[in-house]
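Below: the structure, in structure tokens.
There are 6 protein chains.
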Amino acid sequence: MRVVTLGEMMIRLMPKGNLRIEQAEEFEAYYGGDESIVAASLARFGAESRYVTKLPDNPLGRNAVRKLRAQGVDTSFIAVGGERMGLNFYENGASMRPSYVLYDRKHSAMAEATPDDFDFDGIFRDADWFHVAGITPAISDNAAQTVKVAMQTAKKYGAKVSVDLNYRSKLWSPEKAQSVMIPLMQYVDVCIGNEEDAEKVLGFRTENTDVNKAALDVEGYRKTFRAMKEKFGFSYIGSTLRQSYSASDNGWSALLYDGKEFYHTSTYDIRLVDRGGGGASFAAGMIYGILSGFGLAKTGEFAVAASALKQTVRGDFNLTDIGEVYSLMSGNTSGRVQR
Amino acid sequence: MRVVTLGEMMIRLMPKGNLRIEQAEEFEAYYGGDESIVAASLARFGAESRYVTKLPDNPLGRNAVRKLRAQGVDTSFIAVGGERMGLNFYENGASMRPSYVLYDRKHSAMAEATPDDFDFDGIFRDADWFHVAGITPAISDNAAQTVKVAMQTAKKYGAKVSVDLNYRSKLWSPEKAQSVMIPLMQYVDVCIGNEEDAEKVLGFRTENTDVNKAALDVEGYRKTFRAMKEKFGFSYIGSTLRQSYSASDNGWSALLYDGKEFYHTSTYDIRLVDRGGGGASFAAGMIYGILSGFGLAKTGEFAVAASALKQTVRGDFNLTDIGEVYSLMSGNTSGRVQR
Amino acid sequence: MRVVTLGEMMIRLMPKGNLRIEQAEEFEAYYGGDESIVAASLARFGAESRYVTKLPDNPLGRNAVRKLRAQGVDTSFIAVGGERMGLNFYENGASMRPSYVLYDRKHSAMAEATPDDFDFDGIFRDADWFHVAGITPAISDNAAQTVKVAMQTAKKYGAKVSVDLNYRSKLWSPEKAQSVMIPLMQYVDVCIGNEEDAEKVLGFRTENTDVNKAALDVEGYRKTFRAMKEKFGFSYIGSTLRQSYSASDNGWSALLYDGKEFYHTSTYDIRLVDRGGGGASFAAGMIYGILSGFGLAKTGEFAVAASALKQTVRGDFNLTDIGEVYSLMSGNTSGRVQR
Amino acid sequence: MRVVTLGEMMIRLMPKGNLRIEQAEEFEAYYGGDESIVAASLARFGAESRYVTKLPDNPLGRNAVRKLRAQGVDTSFIAVGGERMGLNFYENGASMRPSYVLYDRKHSAMAEATPDDFDFDGIFRDADWFHVAGITPAISDNAAQTVKVAMQTAKKYGAKVSVDLNYRSKLWSPEKAQSVMIPLMQYVDVCIGNEEDAEKVLGFRTENTDVNKAALDVEGYRKTFRAMKEKFGFSYIGSTLRQSYSASDNGWSALLYDGKEFYHTSTYDIRLVDRGGGGASFAAGMIYGILSGFGLAKTGEFAVAASALKQTVRGDFNLTDIGEVYSLMSGNTSGRVQR
Amino acid sequence: MRVVTLGEMMIRLMPKGNLRIEQAEEFEAYYGGDESIVAASLARFGAESRYVTKLPDNPLGRNAVRKLRAQGVDTSFIAVGGERMGLNFYENGASMRPSYVLYDRKHSAMAEATPDDFDFDGIFRDADWFHVAGITPAISDNAAQTVKVAMQTAKKYGAKVSVDLNYRSKLWSPEKAQSVMIPLMQYVDVCIGNEEDAEKVLGFRTENTDVNKAALDVEGYRKTFRAMKEKFGFSYIGSTLRQSYSASDNGWSALLYDGKEFYHTSTYDIRLVDRGGGGASFAAGMIYGILSGFGLAKTGEFAVAASALKQTVRGDFNLTDIGEVYSLMSGNTSGRVQR
Amino acid sequence: MRVVTLGEMMIRLMPKGNLRIEQAEEFEAYYGGDESIVAASLARFGAESRYVTKLPDNPLGRNAVRKLRAQGVDTSFIAVGGERMGLNFYENGASMRPSYVLYDRKHSAMAEATPDDFDFDGIFRDADWFHVAGITPAISDNAAQTVKVAMQTAKKYGAKVSVDLNYRSKLWSPEKAQSVMIPLMQYVDVCIGNEEDAEKVLGFRTENTDVNKAALDVEGYRKTFRAMKEKFGFSYIGSTLRQSYSASDNGWSALLYDGKEFYHTSTYDIRLVDRGGGGASFAAGMIYGILSGFGLAKTGEFAVAASALKQTVRGDFNLTDIGEVYSLMSGNTSGRVQR
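So the protein sequences, as listed, match chains A, B, C, D, E and F.
Okay, so the first sequence: first residue is 159 according to this note's numbering, each after it adds one.
Okay, so the second sequence: first residue is 159 according to this note's numbering, each after it adds one.
Okay, so the third sequence: first residue is 159 according to this note's numbering, each after it adds one.
Okay, so the fourth sequence: first residue is 159 according to this note's numbering, each after it adds one.
Okay, so the fifth sequence: first residue is 159 according to this note's numbering, each after it adds one.
Okay, so the sixth sequence: first residue is 159 according to this note's numbering, each after it adds one.
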């Protein structure tokens, strides 16, 4: 099971506890970025995972490599050079105060990288799967071009391709997103994204649903999934369903579709430690489930349990082991200490 | 919009997280005090706010000035001298363990200041509003005299006067409070205080209500407000309504009265980060709403939203911006990250 | 009121906040261990408490003594020597992620101590009560022997004996536990333990109950208690009833039995700060109540309130004072600040 | 005494203690930048100081304003807008391991600002002095143009102009530096810079001197100063003389020249807490001395004492008060506690 | 060996590392006070030591007791009551920046205590030695009276009396100090104090010496000691000799006199971790040496080694064990790790 | 360049800053152990390095692997299993207070491992060099046997063998050390160790030298080296020469011998940040130099510069890059910031 992911790695600078950026005399530093989280998750589950990006030749870039290596990710195809690493300042919300992200990621090494920076034949020659998030083509036109070439090369070598649509309004407009992303869908086998992503990135409007609300209309999602399948022929479609009760507590489940069946997973009510990385951890779980031949329901339960656990861990990477995911899937939600 | 507030500034020494004072090998230091919170809030909302106090000529006193200046508060009328700053050691409660305050504020520069320490004509010449809390006259007879002279001078220059009754049982008895506060009511246009304050400070007993309980009897409040209006002729009366489910979770709303209408605001269920400063932030919101001509309902919603947000922020000052208050007022309570 | 407790003291090394051990670049260090928590609680309530253990002659061992002395515990009978202190690495869970304990306690001074290390006549000559947990005989055969001699000497001097069964699956099997513990029951007057302990340690199976579930079947407990009373003739039996909603929130109550009456206490819903030490704090409360002649109901309410408060405090020792316990018992659960 | 400074403000992200960036799981955040340090120093000494820059409209930019306001700096002419704040990651060296700066300051609001962003007439109408460092024109051509217009406007209103040459090899080459800076010298009255700056920025080679060595050849400096005076007609020239024994210990003195006399100040041997900001603090001291009419020797002693004290303080701003500077000037170097 | 000490206990609030009070968003809290340091030192050396003070009935006061108990000090004669604990804010200097103390100790429980608060007969009945510092009578007239009664009672029961003159210019003037202290000298057997103390407190001027200078004139001290002996008949006189090279590095030795011989100890050059508590640790060492019959030279070497070690430890108490003192006395100054 | 190292990995638990273990409410955690430091250094210099050990199957063991992987060390031959990781509590000394190590490493997975746990043929088949320290055979007889088999297998595949004698008095006696180590010397090509190691481990007494003293007698070393060469036929012998001025400052140089020439390197005076890992970093530098064909002088300068830099970095691993070593070798000792 050999999975390649490609994207931008960022350092998330986060004030301690629930402090605001304004109060921060110091910041915790977490290394992450959507596809690097997927790569780290898969490596922890036992897959061979390879992460592709471009990182600057400075202590921060070298540290990013160390963080990936520590998780067992293959970093040998990471390009070195460029100006800077992407950063973001992230304020943990609480109760009705939302979390806040201040991106400082422009002009990053990865945003300014071009397809020529990467040895895509070497990268994909032995790959079974390629995964990328919609954030990566959003960071620059160069990056969009890189993603396109990567997808084409992946297909050339017979790898499955998955995309996590992940719309970011601070990076591009719906119009721009659609103009870039829709042409890429021809290469995509597995599409992940919630109803906001489906609308902004692919143009499918889900009725009666509002990502800012806690209630769910699963039926609306089903209609959207069917339309997506019809238009793009995806093998699998998956969406996490986040019920945002507040910045402190969320409901968390997922809907999966394989073109025939729908499966709505169990719902976890999460006292959030850090919601960041939840979506990427779900994508990792879904890829792992499909590659392991789990079937739709077990894939969904695995992916939603893995990603729920992520949100109880501070930092970007999903620092859970596969045994913990299975334990949660088996109904062990009491949080009782084993001793 | 030019608002003057007067009071004592204190340093709140707080163990990390939920540690007890007994466990504290170190303390976080927050500079606050009721009226300084009001001044800082108003400055952040865009008003010109001036804070009046007396601070000792030492690094702590100078630091207090820096904290105010950082918020944009006019500190040019702060008197310098006296013996010490007021301190308090504050232990954050959790669940059914209440928070605990150990005052160490006696003999402070402000407690020992007299009206002669302040240039009240300069202070109020260009002022539209004067605000003070009932804590300030409670700290010493000198301070009570200072408050009285301040109110009189404020009226002389045509400013509106608001008071937040804020009864503190560790500072004075109901008898003493009433003997000092009732004679001051003649200068007061806007009176803020919950039913405990109304009873202990002004002698109005609200029936069927208990500040230690989570349930609310809004009707009892209405009766008390009508009686207060009748006796003292206040233009506006406001009270926050805190439902103390536990030291970790509170309900939060407010009741306002303009002599004609009552308005009971929306209720927020708050996972508390730091309940300190909630009342003062409400007072700042109410002053801002009235001075902005918001009308009773919008004033109430603004003030309760601002003060709910405060309680999701650690420290005394309400480090929110007006846009965040409007966003919460418009129903954005999901805590969903915008990115 | 002179109480002796005997056991092993450990240092609990805990990552900051909710971090995983994997993320920990630093650990908080808490000194604890079941019977030392009981001793410290009783000393804080005003009893004369004496803790007996063996500690190595190094800075960690000396520090353990200092932590006990600070609580007012008599440490004059602690043996000095041996190889090391027991340690554990403890990861605070959150939401559906359970807390995790990694014991590193083998070969500790106490595990390798023998009865000859202790002057049991001196220890018990003036004692009214002896308490030990089932963890202590589990750590080694030597320790089991030491507990046996301690119980015999305690009885020789007329002290009551209590045991908190406290089954630890990482230390021994049910078979081993029963072979050691059942013969000790002849010395025991007061037996504390939940239904899992009763089954694993004494062989009583409680029907329809699952310690991993949030729901309670109090009737099942009653049957088990009656059977225990019948077989071993305990004067009192007590069990805490933890409803594990998640790693963040628990329900907490207790059932007590004096051979005639059952008493099911009030239930507290606790937002957990640190669940560690809850059981030991309950045992301390129960001992204090019985020695104070509180009667069954007041004893139960005292013990459950004391131990609920513990779980709002970080660290092992129950750093509450008796006034706080009484205040909570009297219904003061609002967490409202007194100021 | 009304001084204007103009430049870029940055956040310095610094690992705790002496940790390397590679080890940093968290960073302390200090707000600084050469001319903002000068402005803050002068405000603390009692001058009216105004700082001009452009800052982005986000929490970091607003925080920078708060840090300046806290020091009493006039921030009313700061332009708001642009993309980002400049950052740098700064590793504190130790012993023979040098400190390390990783600039991440490109594309900052100030680098992309143009003269049109600033109301220079308003800024300089009431100014006595204008100060800028050679770092500012180095950050971009726009910034160089902004500095030029600022200098011209300053002269129009009769202000003295000082420049701290401050060559930064990571920002520009000597050729580029000279092409920009030499034409600006016509506006400059007071020129500050060490022999490396003189060579790289203005083309004056000082013989027998090496900034990497601990030894000093003051005579070489005198020659260079005379040549600079001759060519550009500066009223005053000053240079700090740093003897870099190691990253932990430095010698610190200064040479001043008024076209007639040379003055070599006392030398302080500093156990460095944070060498950052030493040069800017010297510039502030020199401006303060000249504006106060101290004469050459007292100006030099004041400036070198102030800047030595800075290097015993962590962070960018020189958080000393004028009394501390006078005390050190008077020979009080024993570090003895006054109590 | 049973030693009683009496004085005020304070909490020292200290910014992290070398930060200034102005920068402190948090303070480390150390419990200390001159005579409590002596008591803790003696307890650690194995003496029975009893500390007498008055502490308020609040969590800070109770914590002070716990800190003493942890060191093995007998706290059973501590009076409980009064208004507050004394505090001080302490800024660690560095290099030529001196450390700074901001006392906030007025109105403390001990300052307002009277002799009637203490059971002096019980305190001294079994005592061999009584020690007090000149700081204690300086805090209030009541405290001066308490010290006098304590000395008289100590003499009544045959205890030796030592005093550490310890002049504090922020507490009283030389005139006041002499009026209080000189009459107490009739009770004193052992007098400790440097030449500044001798002058300010007892009126003996030592020539050619300046406490702010690094150089020593031991001969001047000898003259002063002879004069003190002559006037007051002390059995022993001792003075530490601190050479204040800077706030970071000090020389440290001592001069002792038994009326016949002088002994000037070895000198330690100390890289200071925390100079606080050095003097008190010397006093403890001198008392221990005399009571142990060490003779003049060994007493001096013991006391100076113990107090040098203190200054390598952060916090007030001298957290060294007697074995470490002996090891340093034997010439083991290399700081080489034993492993 | 393919190097294998074998040994035990430990977690060093270290109080913050200079605090004593007694004061530590929290510990920093550093993963290290002599041969793992060598492996990490070599990987950072660009060699392929493989570390062999046995680690327990728990979060600490898995974390140790992550720390090695992050440095680029090949961890694929690490055995998993056993009881626990070795720990040590390490107190940073200061000035004349020595650092202190409390080992808690008995019964570790590596101490109880046997040669059968390792696939030595796989490990050494492609190896050029094998390195081990004298600490490893000291931890248990099993470990000594494992080292012997490893050396034999290394020789079988033609690898050079180096040993760092590293005598640890807390682990074994000189007699035991010699009985184990001398028979191993037949396999050793490169021997590293100071004169204490030579005496305690191999029985060579160096005259006129004392490791606890700051002075050096290089001639004595030369004699010892010649005798070692004669007896065991080593190709290279190296010794670091640490001059322990105090726990804060050390001199650091090295003497190398290739059987023909002696080379005494430059001496660095180090303000210590963390002396731990200095010796292992020297060994890594020496191995790197020899394998790179640097010649004796350059090898010595490289190794001593690398290991001097280590001592300016907190933690066990030598987190320097090869460019920094070359820069220091070239005389860049001023610690001047490059910017």
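Ideal placement from N, C-alpha and C gives every residue a C-beta, glycine not left out.
Can you give me, in chain order, the residues of the region 173-204 of chain B that have a beta carbon less than 9 Å from any beta carbon in chain G? Note that chain G does not occur in the displayed structure, where the protein chains are A, B, C, D, E and F.
I need the straight-line Cα distance from B/A312 to E/E241, nearest angstrom please. Cα to Cα, B/A312 sits roughly 36 Å from E/E241.
Could you check the C-alpha separation between E/M343 and E/S207 for me, to the nearest Å? 23 Å
Could you tell me whether the Cβ of A/D262 comes closer than 8 Å to any Cβ of chain D? yes
Please check if any C-beta of chain E sits within less than 8 Å of the C-beta of C/G219. With 8 Å as the cut-off, C/G219 does not count as an interface residue toward chain E.
Taking any Cβ of chain F, which residues in the region 222-234 of chain A have a Cβ under 9 Å from it, in chain order? V223, R224, K225, L226, R227, A228, Q229, G230
Note down, in chain order, each residue of its chain lying with its Cβ closer than 6 Å to the Cβ of A/D275, except the 5 sequence neighbours on either side. K212, A237
Distance cutoff 8 Å, beta carbons only. Does D/M254 sit that close to anything in chain F? yes
Might you give, ordered along the chain, the residues of its own chain that have their beta carbon closer than 6 Å to the beta carbon of F/E365, omitting 5 neighbours on each side? G378
Which residues in chain F have a C-beta closer than 7 Å to the C-beta of D/A405? List them in chain order. G493
Could you give the residue range of the alpha helix (DSSP H) that holds B/V439? It should be pointed out that residue 439 of chain B corresponds to Ser in this sequence rather than to Val. It spans 436-449 - the alpha helix (DSSP H) in which B/S439 sits, taken as one unbroken run.
For the region 321-348 of chain D, which residues have a CB atom closer than 9 Å to at least one CB atom of chain F, in sequence order? R326, S327, K328, L329
Whole angstroms is fine: what's the gap from C/E166's alpha carbon to A/R429's? 34 Å
Roughly how many angstroms lie between the CA atoms of E/V348 and D/D192, to the nearest whole one? About 56 Å.
Only counting the same chain, and skipping five residues up and downstream in sequence, which positions put a Cβ closer than 6 Å to that of D/F383? I395, Y415
With a cut-off of 8 Å on the beta carbons, I'd call D/N408 and D/R380 a contact; round off their distance for me. Actually they are not in contact, since the Cβ atoms of D/N408 and D/R380 sit about 22 Å apart, beyond 8 Å.
Whose C-alpha, out of D/N176, D/A222, D/I297, is nearest the C-alpha of D/Y188? D/A222
Using a Cβ cut-off of 7 Å, which residues of the region 455-478 of chain E contact any Cβ in chain F, in chain order? A466, L467, T470, V471, R472, G473, L477
According to DSSP, is A/L329 part of a helix, a strand, or is it coil? coil
Buried/exposed call for C/P341, threshold 16 Cβ in 10 Å: Burial call: exposed.
Give the secondary structure of D/V483 by DSSP, where H, G and I count as helix, E and B as strand, and everything else as coil. helix
Check distances from the C-beta atoms of the region 428-441 of chain C to those of chain B and list, in chain order, the residues that come in under 7 Å. I428, R429, V431
Starting from the C-beta of C/Y315, find all residues in its chain whose C-beta is less than 7 Å away, skip the five residues before and the five after it, and write them out in chain order. F282, R283, A285
Within 8 Å (strictly less), CB to CB, does A/Y242 reach chain D? It is worth fixing the name first, because residue 242 of chain A is Arg in this sequence and not Tyr. True, the Cβ-Cβ gap to chain D drops below 8 Å.
Using 8 Å as the limit for Cβ to Cβ distance, is B/Q303 near chain A? Output row for B/Q303: interface = no.
In chain A, what lies closer than 9 Å to C/H210 by C-beta? His is not the amino acid found at residue 210 of chain C; the sequence shown has Val there. Residues of chain A whose Cβ lies closer than 9 Å to the Cβ of C/V210 do not exist, since the nearest Cβ in that chain is about 23 Å away.
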